[in-house]
Amino acid sequence: MLKPTVIAIPFFALMIAIEAYLVIREDREKFDKWDTWNNVLIGFVSVAFGSLIAIVTANFYLWAYEIAPFRMPMDTWWPWVILVLADDFAYYWFHRFSHEMRFLWNFHVVHHSSEEYNLSVAVRQSWFGGAVHWAFYIPLAFLGFPFAAFVFVHGINLIYQFWIHTKLITRLGPLEWVFNTPSHHRVHHGVNDEYLDKNYAGIFIIWDRMFGTFVEEREEVKYGIIKPINSYNSVWINTHGWFEMAEAMRNSKGFWNKLRCIFGSPNMDHKAGETVNVGLESPEHV
């Protein structure tokens, strides 16, 4: 079945173009055209690879659904409400683990490595991330949510997250208490010390408020990752994390320290076996 995010591609393209026009009209120097075109290229390849990967990973969801002890009655309203909340809850943990586990961060760093913040960054996604994120949504199959319903709701979740990648919208009043907004997500993309690894929400910021990962936007946000890659090479953008992880493993002594390079925090000094204060968004070892 065709995913909502694929159907939304023309809308994404139109909104990226409109935002770019508004930014250029205000100050041409603020617009990095090379970063924007690179983001779009990465996004198209991500959609293509993701569709191929989904041919395989969809079967895991379907298998889990087949052995689920019951089926949700999707012909009434309340299972849809539960699915929207459950999908967003699963996304929160997938997103959080993608910052707290080096292996997953190697996929997610693609999205964070841009030093710009605009709608094109929303489509700057890992080419290979689809190979791992499915595991966090298997519980939804066990809860009895059909695959088609999951694909639809999850697609809406991802489409929602597109518009929050902008600096043109400031604050949204009382909506900031419940929903993820551009302000909240700007914080998430910041490398400022107080902003590192905060605001993981997809649609609802309530998860961050509940689990202690919420920070309000106060000071101006500095975007990117702590160890900048300084490259427009889309292949390198999608692979540099793996090379850095391999180097960290070579520099680590002992089997368990090498294993921590894969499954431990991205800011772990594996030679010392201690976590250092360089931020989870940095794959650098000190």
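Going letter by letter, the sequence shown gives residues 75 to 360 in my numbering.
Ideal placement from N, C-alpha and C gives every residue a C-beta, glycine not left out.
Every value quoted in this text rests on a predicted model; they were computed, and no experiment measured them.
Alpha carbon to alpha carbon, how far is residue 323 from residue 333? Along the sequence shown, one-based indexing puts residue 323 at 249. Along the sequence shown, one-based indexing puts residue 333 at 259. Taking the straight line from one Cα to the other gives about 8 Å.
In chain order, which alpha helix (DSSP H) runs of at least 4 residues are fully inside the segment 139 to 219? The segment 139 to 219 contains, as complete alpha helix (DSSP H) runs of 4+ residues, the segments 152 to 174, 176 to 186, 193 to 196 and 212 to 216 (chain order).
Where does the unbroken alpha helix (DSSP H) through residue 330 begin, and where does it stop? Counting from one through the sequence shown, the residue named residue 330 turns up at place 256. Taken as a continuous stretch (DSSP letters only), the alpha helix (DSSP H) holding residue 330 covers 329 to 337.
Length at least 4, wholly inside the segment 267 to 308: the alpha helix (DSSP H) runs in chain order: DSSP runs (the alpha helix (DSSP H)) wholly in the segment 267 to 308: 280 to 285.
Whole angstroms are fine: how far does the CA of residue 146 sit from the CA of residue 362? Residue 362 falls outside the range modelled here, since the chain spans only 75 to 360, and no answer is possible.
Which value, in whole angstroms, describes the spacing of the CA atoms of residue 177 and residue 329? In the sequence shown, counting from the first residue as 1, residue 177 sits at position 103. In the sequence shown, counting from the first residue as 1, residue 329 sits at position 255. Linking residue 177 to residue 329 through their CA atoms gives a straight-line distance of about 16 Å.
Under the three-state reduction of DSSP, which class applies to residue 224: helix, strand or coil? Indexing the sequence shown from 1 puts residue 224 at position 150. Helix.
Is the distance from the Cβ of residue 93 to the Cβ of residue 246 below 7 Å? Residue mapping note: residue 93 aligns to position 19 of the sequence shown, counting from 1. Residue mapping note: residue 246 aligns to position 172 of the sequence shown, counting from 1. No; because the gap between Cβ atoms is not below 7 Å, this pair is not in contact.
Cβ-based neighbour list, residue 90, same chain, cut-off 6 Å, excluding 5 preceding and 5 following: Within the sequence shown, numbered from 1, the residue matching residue 90 stands at position 16. Cβ within range, chain order: 193 and 194.
What separation, rounded to the nearest whole angstrom, lies between the Cα atoms of residue 124 and residue 201? Here the question's residue 124 lines up with position 50 in the sequence shown. Here the question's residue 201 lines up with position 127 in the sequence shown. In this structure, the alpha-carbon of residue 124 lies about 7 Å from that of residue 201.
Roughly how many whole angstroms lie between the Cα atoms of residue 152 and residue 252? To locate residue 152, count along the sequence shown from 1; it is residue 78. To locate residue 252, count along the sequence shown from 1; it is residue 178. Those two C-alpha atoms are separated by around 20 Å.
For residue 312, decide whether its Cβ has a neighbour in chain D, counting only Cβ atoms nearer than 7 Å. Among the chains of the structure shown, chain D does not appear; only one protein chain is present.
Identity of the residues DSSP links to residue 264 by a beta bridge: Taking the sequence shown and counting its residues from 1, one reaches residue 264 at position 190. According to DSSP, residue pairing for residue 264 in a beta bridge involves 297.
Count the CB pairs spanning the segment 159 to 173 and the segment 203 to 211 that are closer than 8 Å, and state whether there are at least three. A contact between stretches requires three or more CB pairs, one per stretch, nearer than 8 Å, and the segment 159 to 173 meets this requirement with the segment 203 to 211.
Rounded straight-line distance, which links the Cα of residue 143 to that of residue 189: Here residue 189 refers to the residue found at position 115 of the sequence shown. Here residue 143 refers to the residue found at position 69 of the sequence shown. Rounded to the nearest angstrom, the two C-alpha atoms are 47 Å apart.
My output table needs one value for residue 253: the three-state DSSP class, helix, strand or coil. Reading the sequence shown from its first residue, position 179 is the one you call residue 253. The three-state reading of DSSP puts residue 253 in strand, counting E and B together.
Taking Cβ positions, are residue 228 and residue 162 nearer each other than 7 Å? The residue given as residue 228 occupies position 154 in the sequence shown. The residue given as residue 162 occupies position 88 in the sequence shown. Their beta carbons are not under 7 Å apart, which means residue 228 does not touch residue 162 by this criterion.
If you follow the alpha helix (DSSP H) that residue 86 is part of, which residue opens it and which one closes it? The residue labelled residue 86 in the question sits at position 12 within the sequence shown. From DSSP, the alpha helix (DSSP H) with residue 86 extends over 83 to 100.
Between 114, 203, 262 and 213, which has its C-alpha nearest residue 186's C-alpha? Taking the sequence shown and counting its residues from 1, one reaches residue 186 at position 112. Here the closest residue by C-alpha is 262.
Assuming residue 197 and residue 264 make a contact with CB atoms under 8 Å, what is their CB distance in whole Å? The count along the sequence shown starts at 1 and reaches residue 197 at position 123. The count along the sequence shown starts at 1 and reaches residue 264 at position 190. With a Cβ gap of about 20 Å, residue 197 and residue 264 do not count as contacting.
Note down the Cα distance separating residue 184 from residue 271, rounded to an integer number of angstroms. In the sequence shown, counting from the first residue as 1, residue 184 sits at position 110. In the sequence shown, counting from the first residue as 1, residue 271 sits at position 197. So the two alpha carbons sit approximately 15 Å from each other.
Residue 339 and residue 100 closer than 7 Å at C-beta: The residue given as residue 339 occupies position 265 in the sequence shown. The residue given as residue 100 occupies position 26 in the sequence shown. Cβ atoms of residue 339 and residue 100: not closer than 7 Å.
Check whether the Cβ atoms of residue 82 and residue 233 sit closer than 7 Å, and answer yes or no. Taking the first residue of the sequence shown as 1, we reach residue 82 at position 8. Taking the first residue of the sequence shown as 1, we reach residue 233 at position 159. At the C-beta level, residue 82 and residue 233 come within 7 Å of one another.
Assumed close pair residue 275, residue 254 - CB separation to whole angstroms, cut-off 8 Å: Working through the sequence shown from its first residue, we reach residue 275 at position 201. Working through the sequence shown from its first residue, we reach residue 254 at position 180. Yes, residue 275 and residue 254 are in contact; Cβ-Cβ is about 4 Å, under 8 Å.
Determine the burial state of residue 319: buried for a count of at least 16 other Cβ atoms within 10 Å of its Cβ, exposed for fewer. The residue given as residue 319 occupies position 245 in the sequence shown. The residue in question, residue 319, is buried, as its Cβ has 16 or more Cβ neighbours within 10 Å.
Give me the Cα-Cα distance between residue 237 and residue 278, rounded to the nearest whole angstrom. If you number the sequence shown from 1, residue 237 lands on position 163. If you number the sequence shown from 1, residue 278 lands on position 204. The alpha-carbon atoms of residue 237 and residue 278 are separated by roughly 14 Å.
For the candidate residues 79, 244, 80 and 204, whose alpha-carbon lies nearest to that of residue 290? Position 216 of the sequence shown holds residue 290. Measuring from the Cα of residue 290, the nearest candidate turns out to be 244.
Evaluate residue 102 with the Cβ neighbour count: other Cβ atoms within 10 Å of its Cβ, from every protein chain shown; 16 or more gives buried, anything less gives exposed. On the sequence shown, position 28 is the one that residue 102 refers to. Under this definition residue 102 is an exposed residue.
For residue 215, which residues of its own chain have a beta-carbon under 7 Å away from its beta-carbon, when the five flanking residues on both sides are left out? If you number the sequence shown from 1, residue 215 lands on position 141. Counting only Cβ-Cβ distances below 7 Å, and skipping sequence neighbours, we find 135, 138, 139 and 142.
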